[in-house]
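Visitor: Protein chains in written order, with the numbering used here: chain A, 1 to 183; chain B, 1001 to 1183. Backbone N, C-alpha and C define an ideal beta-carbon position, used for all residues, glycine too. The structure that follows is given in the form of structure tokens.
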DNA sequence: ACCTGAACACCGTTCAAGT
DNA sequence: ACCTGAACACCGTTCAAGT
């Protein structure tokens, strides 16, 4: 099977989901593609480009699921879902600059939604970041949470999925309400 | 000069400020201390422990500057200041679990302040995370910002420090107001 | 108690050489 | 056009051996 960008993304996401970001090495990606590590550099400039490709993959998956009519809350829930779908995605976002195509489109969509909410141009960037970072950090915590409850199942507290959704929604509401009030 | 935990933290923070987290290697830390890399393992279990020590150093610096009478806003400004004082601190926090002593004390202080604001126990964790992560991401962006304006000084927009402070304050206010309204 | 050199099992990346 | 082995300059960590 010949190598393509799509296949590089596929195996990378698979590695991410199975073993996490520390296992996402050029050598391991190449192994899965049954080529030498050096050959990877024919398809891709460097490792950072692979990070960018994965983020682009996530962002376009999100874009495919939202329309301009969706509420900001719904969009945030979809973003969370897709971030959860690839392992260690928050660390990916932390490490690569927001310059890929789909990511920029997504950012602008969120900006539009924030404007509808009454946020002024001056506060668009802070607000967008506040929101996006809330989602990222929530996903991070959520995953840590899941690992805990999997490993030692006899933990003193019980948390259902509906509770987690409620918690996520609460944070969103805090941000939305705050933005409304300060409009 | 004999090696101590304090000296390990000192040189680590120095490396972080001069060259960033990717240059913070066991070998470089050892170099600065004029010992072999292997010797470091006599003082410290592994690299993660060094990360933890640096975070502890930051958190206790924060604790030294705040009292129970301070407003939550003031505390957040101090946290931001100290996070800015050591290079790549946000990435440090992202990578090490919140189990160090001062960090736990700090978290509980923030929880107390949030309770004063009317946040229920149920929402304490989400709210605390929302707030803390806002500060972390703000510092990250702030640093990227600074680097841009340093490198190419003829950038189309001009941003003063007072503006950045105002932006930071805006985000805090959004969170506080939102929490108040949803109380 | 404290330090060391040498080694192990890894990294990302380059490059001359092959088809 | 696409791939390779070998090498370079790094990592974190271990361990027998030294004082």
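Answer yes or no: do residue 1100(B) and residue 1056(B) have a C-beta to C-beta separation smaller than 9 Å?
Guide: It is a contact, given that the beta carbons lie within the stated cut-off.
Visitor: Taking its Cβ as the centre, do 16 or more other Cβ atoms sit within 10 Å of residue 192(A), making it buried, or is it exposed?
Guide: An answer regarding residue 192(A) cannot be provided, because it is not within the stretch 1 to 183 covered by chain A.
Visitor: State the DSSP-derived secondary structure class of residue 1019(B), mapped to helix, strand or coil.
Guide: If DSSP states are grouped into helix, strand and coil, residue 1019(B) belongs with the helices.
Visitor: From this set, 1054(B), 1080(B) and 1132(B), which residue's C-alpha is nearest residue 1065(B)'s C-alpha?
Guide: With distances taken between Cα atoms, residue 1065(B) lies closest to 1080(B).
Visitor: Closer than 8 Å is the cut-off here; do at least three beta carbon pairs connect the stretch 171-180 of chain A with the stretch 72-92 of chain A?
Guide: These segments touch.
Visitor: Using the beta-carbon of each residue, which ones in chain A are nearer than 9 Å to residue 1038(B)?
Guide: Within 9 Å Cβ-Cβ: nothing; residue 1038(B) doesn't reach chain A, min ~23 Å.
Visitor: Assign residue 1026(B) to one of three DSSP states: helix, strand, or coil.
Guide: It is helical.
Visitor: What whole-angstrom Cβ distance do residue 15(A) and residue 53(A) have, given they're in contact under 8 Å?
Guide: Wrong, their Cβ atoms sit about 13 Å apart, outside the cutoff.
Visitor: Is residue 51(A) closer than 9 Å to residue 92(A) when the C-beta atoms are compared?
Guide: In this structure, residue 51(A) lies closer than 9 Å to residue 92(A) by Cβ.
Visitor: Please report how far the alpha carbon of residue 139(A) lies from the alpha carbon of residue 32(A), in whole angstroms.
Guide: Taking the straight line joining both Cα atoms gives about 28 Å.
Visitor: Helix, strand or coil for residue 1125(B)? Go by DSSP, reduced to three states.
Guide: Residue 1125(B) falls in the helix class under three-state DSSP.
Visitor: Under 7 Å between beta-carbons, which chain B residues line up against residue 129(A)? List them in chain order, please.
Guide: Under the 7 Å cutoff, chain B gives 1137 and 1141.
Visitor: Going straight from the alpha carbon of residue 1142(B) to that of residue 135(A), what length do you get?
Guide: Approximately 20 Å between the Cα atoms of the pair.
Visitor: Taking its Cβ as the centre, do 16 or more other Cβ atoms sit within 10 Å of residue 1115(B), making it buried, or is it exposed?
Guide: The residue in question, residue 1115(B), is exposed, as its Cβ has fewer than 16 Cβ neighbours within 10 Å.
Visitor: Contact defined as beta carbons within less than 8 Å: I believe residue 13(A) pairs with residue 86(A). What is the distance between those atoms, to the nearest angstrom?
Guide: With 8 Å as the limit, residue 13(A) and residue 86(A) qualify as a contact, their Cβ atoms being about 5 Å apart.
Visitor: Taking only three categories from DSSP, how would you classify residue 1013(B)?
Guide: Here residue 1013(B) sits in helix by DSSP.
Visitor: Rounding to the nearest angstrom, what Cα-Cα distance links residue 1089(B) and residue 28(A) in this structure?
Guide: The straight-line gap from Cα to Cα measures roughly 29 Å.
Visitor: Quick one, are the C-beta atoms of residue 43(A) and residue 107(A) less than 9 Å apart?
Guide: No.
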